[in-house]
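For the sequence shown, the tail end lands on 406 under this note's numbering, and the numbers increase by one without skipping.
C-beta: ideal position from N, C-alpha, C; glycine also.
Remarks on the structure that follows.
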Amino acid sequence: MIDLKFNSDGLIPVIVQQHDTGEVLMMSWMNKTAITETLNGNVCYYSRTRKSLWYKGESSGQIQTLVSFLIDCDRDTILLKVDQKGVACHTGHHNCFFTEIKHDEEVEISKVLISPEELYDAP
C-alpha cells in the first residue's frame, strides 16, 4: 500500500478532475479498499453517509475512467484525473461545484443537464 496519511476515520479526501480540461468535477473520500479498487481500474469511493464503498456510475451509468492517480506533497490528499462519461454530480449537473457566492448570495452558475429522477431511474 502507498504511504498515505488517513484521518481518524481511516479516510483520505479525493479531488476529482477531468483529465483533458482540468475541470474540477467533485470531491469525495477513499479508504484503503477504495484506493486498491481504483488502482485496479474500478474508480471507487467511500460513502460516509452509507458507510460503504460505492463505484462511480454503478447506479447512474455516469462512469469515470481513471487516467492518473496523484498524491499531494503532504500525502494527505489524492487527486484523481479521470475521463468522466456523462455528469459527475448526483444532482444532474456536470460537476458538483455549480453554486457560486456573489455579494453574499448563492448563484447557480450551471444548469442541470439531466434530472436526478432520470439519472437514477436509468436501467
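DSSP state of residue i mapped onto helix, strand, coil
{"i": "residue 406", "result": "Because the pLDDT of residue 406 is 49, which lies under 50, any placement of that residue in the model is unreliable, and the number read from its coordinates should be weighed accordingly. Note: residue 406 maps to coil in three-state DSSP."}
{"i": "residue 318", "result": "helix"}
{"i": "residue 388", "result": "strand"}
{"i": "residue 400", "result": "helix"}
{"i": "residue 492", "result": "Limits of the chain in this structure are 284 at one end and 406 at the other, which puts residue 492 out of reach."}
Per-residue burial, residue i [other beta carbons within 10 Å of its own, 16 or more giving buried]
{"i": "residue 391", "result": "exposed"}
{"i": "residue 308", "result": "buried"}
{"i": "residue 350", "result": "exposed"}
Alpha-carbon spacing of residue i relative to residue j, whole angstroms
{"i": "residue 334", "j": "residue 386", "result": "37 Å"}
{"i": "residue 376", "j": "residue 338", "result": "18 Å"}
{"i": "residue 287", "j": "residue 325", "result": "20 Å"}
{"i": "residue 406", "j": "residue 380", "result": "Because residue 406 carries a pLDDT of 49, less than 50, the predicted location of this residue cannot be relied on, and no value is offered for it."}
{"i": "residue 342", "j": "residue 319", "result": "21 Å"}
Close Cβ partners of residue i (< 6 Å) along its chain, the five nearest in sequence each way excluded
{"i": "residue 298", "result": "310, 362"}
{"i": "residue 398", "result": "375"}
{"i": "residue 340", "result": "346"}
Segments of 3+ residues assigned as beta strand (DSSP E) that fall wholly inside the segment 284-353: 295-301, 307-313, 327-330, 335-338, all fully within the segment 284-353.
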